[in-house]
Amino acid sequence: MLKKFLSYFIPVNIVKKHSEISQNLEVTWNNGQLVLDSKNTNYSYGSLQRILRKGLNYIGFERIRGFKSILVLGVAGGSVIKTLTDEIKYKGKITGVEIDPKVIEIANTYFGLDQIINLEIIICDAFEFVLKTKEKYDLIIIDIFKDTVMPNFLFEDYFINRINYLLKVNGFILFNTMTLTRQDKERNALYKLHFNDDYSVRMYPKVEDHNELYTIKKMR
Numbered sequence: 001m002l003k004k005f006l007s008y009f010i011p012v013n014i015v016k017k018h019s020e021i022s023q024n025l026e027v028t029w030n031n032g033q034l035v036l037d038s039k040n041t042n043y044s045y046g047s048l049q050r051i052l053r054k055g056l057n058y059i060g061f062e063r064i065r066g067f068k069s070i071l072v073l074g075v076a077g078g079s080v081i082k083t084l085t086d087e088i089k090y091k092g093k094i095t096g097v098e099i100d101p102k103v104i105e106i107a108n109t110y111f112g113l114d115q116i117i118n119l120e121i122i123i124c125d126a127f128e129f130v131l132k133t134k135e136k137y138d139l140i141i142i143d144i145f146k147d148t149v150m151p152n153f154l155f156e157d158y159f160i161n162r163i164n165y166l167l168k169v170n171g172f173i174l175f176n177t178m179t180l181t182r183q184d185k186e187r188n189a190l191y192k193l194h195f196n197d198d199y200s201v202r203m204y205p206k207v208e209d210h211n212e213l214y215t216i217k218k219m220r
């Protein structure tokens with residue numbers, strides 16, 4: 001507990017690991033909370049948990065509790081899953097897809113992700129998973145980064161159309177994006193054009209400085 005106490009004054013590193021996929025990963029006590037960071041950004045807990053909690057709050061905690069199935073693309077340390085189970089008290093099925101087994105190893109060891117009984121973790125590329133799965137979901141959370149970089153496929157027609165197909169009517173997509181450059185903002189502006197009148201798209205800018213959140217409801 002000494003490290004936790006000291007973290008209110010200065011971050012205290014617990015472990016550093018190298019991953020072939022995520023490169024540098026660090027678990028650190030920061031302001032009394034364990035967080036998972038990559039080289040340049042927060043991967044789980046900390047600011048990322050605040051960002052996704054806001055998105056879930058926009059959708060509505062009570063509404064989420066009524067969902068039967070949730071898909072999380074990009075698990076990292078599992079902070080959004082902890083918000084779902086610990087804060088929202090979600091009891092339905094959660095499927096988490098994560099490409100990096102090292103991240104899941106950290107999530108299990110330091111954040112207790114493997115203790116969540118209604119969670120299934122699948123080690124797989126998110127693009128491959130959405131192509132193969134036959135299930136449909138009430139909520140799809142997309143939170144995929146390699147450090148501060150978002151893969152291009154997230155903004156391409158085929159992936160977007162496939163995600164829309166996997167979403168149940170009256171279901172929601174929660175999409176966390178990072179906007180560090182003018183090109184990022186232009187990319188996000190074009191993203192909204194992929195949705196027709198069957199969808200209600202809302203964008204929430206300036207969430208934790210450099211993040212824009214999207215909530216997308218499938219109306220019919």
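Residue numbers (full-length UniProt numbering): 1 to 220. Note that CB positions come from ideal geometry on N, CA and C, so glycine has one too. Remember, it's a predicted structure, so these values are computed and weren't measured experimentally.
Query - Whether valine 103 touches isoleucine 122 by CB criterion (9 Å) - result: no
Query raised in the report: With a CB to CB cut of under 6 Å and the five nearest residues on each side skipped, what residues in its chain are close to aspartate 143?
Result: The answer, listed in chain order, is Gly74 and Asn176.
Query raised in the report: Does DSSP put serine 22 in a helix, in a strand, or in coil?
Result: coil
Requested in this report: Tell me where the beta strand (DSSP E) around glutamine 33 begins and ends.
Outcome: 33 to 37
**Report entry** lysine 96 in three-state terms, based on DSSP
**Finding:** One point to set straight first is that residue 96 is glycine, not lysine, in the sequence displayed. The answer is strand: DSSP assigns glycine 96 an E or B state.
Query - Terminal residues of the beta strand (DSSP E) in which threonine 85 lies - result: Following the DSSP letters along the chain, one finds threonine 85 in no beta strand (DSSP E), marked with neither H nor E.
**Report entry** Cβ pair count under 8 Å reaching 3, the region 84 to 96 against the region 155 to 168
**Finding:** no
Query - Spatial distance of arginine 65 from phenylalanine 145 (CA atoms) - result: 27 Å
**Report entry** Status (buried if at least 16 other CB within 10 Å, exposed otherwise) for glycine 32
**Finding:** exposed
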